[in-house]
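Whatever position you read off the sequence shown (first residue = 1), add 92 for the working numbering.
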Amino acid sequence: MNDMNIRRVAFDHPDAVKLNDRVQAEYAERYGDEGDVTPLDASMFRPPRGLYLIAYDAADAPVATGGWRTMDENGEGYENGDAEIKRMYVVPEARGLGLARRILAALEEDAREAGRLRMVLETGTKQPEAIGLYTSSGYDLCPRFGYYRFHALSRCYAKPLR
Numbered sequence: 093m094n095d096m097n098i099r100r101v102a103f104d105h106p107d108a109v110k111l112n113d114r115v116q117a118e119y120a121e122r123y124g125d126e127g128d129v130t131p132l133d134a135s136m137f138r139p140p141r142g143l144y145l146i147a148y149d150a151a152d153a154p155v156a157t158g159g160w161r162t163m164d165e166n167g168e169g170y171e172n173g174d175a176e177i178k179r180m181y182v183v184p185e186a187r188g189l190g191l192a193r194r195i196l197a198a199l200e201e202d203a204r205e206a207g208r209l210r211m212v213l214e215t216g217t218k219q220p221e222a223i224g225l226y227t228s229s230g231y232d233l234c235p236r237f238g239y240y241r242f243h244a245l246s247r248c249y250a251k252p253l254r
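Right under this line is the structure:
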């Protein structure tokens, strides 16, 4: 794990696109749908209103990703001061190395420094590994928000950043 290198990249960087394709394929397999169709674009992850990270292994291959974007009250259940986690993913061959936890901590710290008040995320019941990561990192279930707020399999979590 010490030879993992976490870098800031743009959401539309080729490595980010490659990992996004992989996570979407995994979502589609787990849920039997087309993946996460939440509207996202690269501008949402540009500092200081967001951040996108990729972890690279010793061979400089992209193996994990995650980002946050600024969200404020908008009629979808967000609250002013929210930072939303998107596209947390670790390739299967790099799981169990603590990469998701390292990326999550970096995202939380960056959002806190940007003045955000609460980190929020949406996941699903068919992603027990994600739920385990978030609950063990201090996240609690909260009222549902965002694109999937009316979906039965959706679970939303929040953690104060202050």
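Think of the CB as a built atom: it goes at the ideal place given N, C-alpha and C, for glycine as much as any other residue.
Can you confirm whether the segment 188-204 touches the segment 138-147 when touching is taken to mean that 3 or more C-beta pairs between the two stretches lie within less than 8 Å? yes
Alpha carbon to alpha carbon, how far is I98 from A186? Walking along the sequence shown from the start, residue 98 turns up at place 6. Walking along the sequence shown from the start, residue 186 turns up at place 94. So the alpha carbons of these two residues sit roughly 14 Å apart.
Could you tell me the alpha carbon to alpha carbon distance between P252 and A222, rounded to whole angstroms? Position 160 of the sequence shown, counting from 1, holds the residue named residue 252. Position 130 of the sequence shown, counting from 1, holds the residue named residue 222. So the alpha carbons of these two residues sit roughly 18 Å apart.
Output the boundary residues of the alpha helix (DSSP H) element that contains E201. On the sequence shown, position 109 is the one that residue 201 refers to. E201 -> alpha helix (DSSP H) spans L191 to E205.
Just the Cα atoms here: how many angstroms apart are D174 and M163? As a position in the sequence shown, residue 174 is number 82, starting the count at 1. As a position in the sequence shown, residue 163 is number 71, starting the count at 1. The alpha-carbon atoms of D174 and M163 are separated by roughly 5 Å.
Suppose only complete runs of 3+ residues qualify. What are the beta strand (DSSP E) ranges in the segment 97-140, listed by chain order? 97-100
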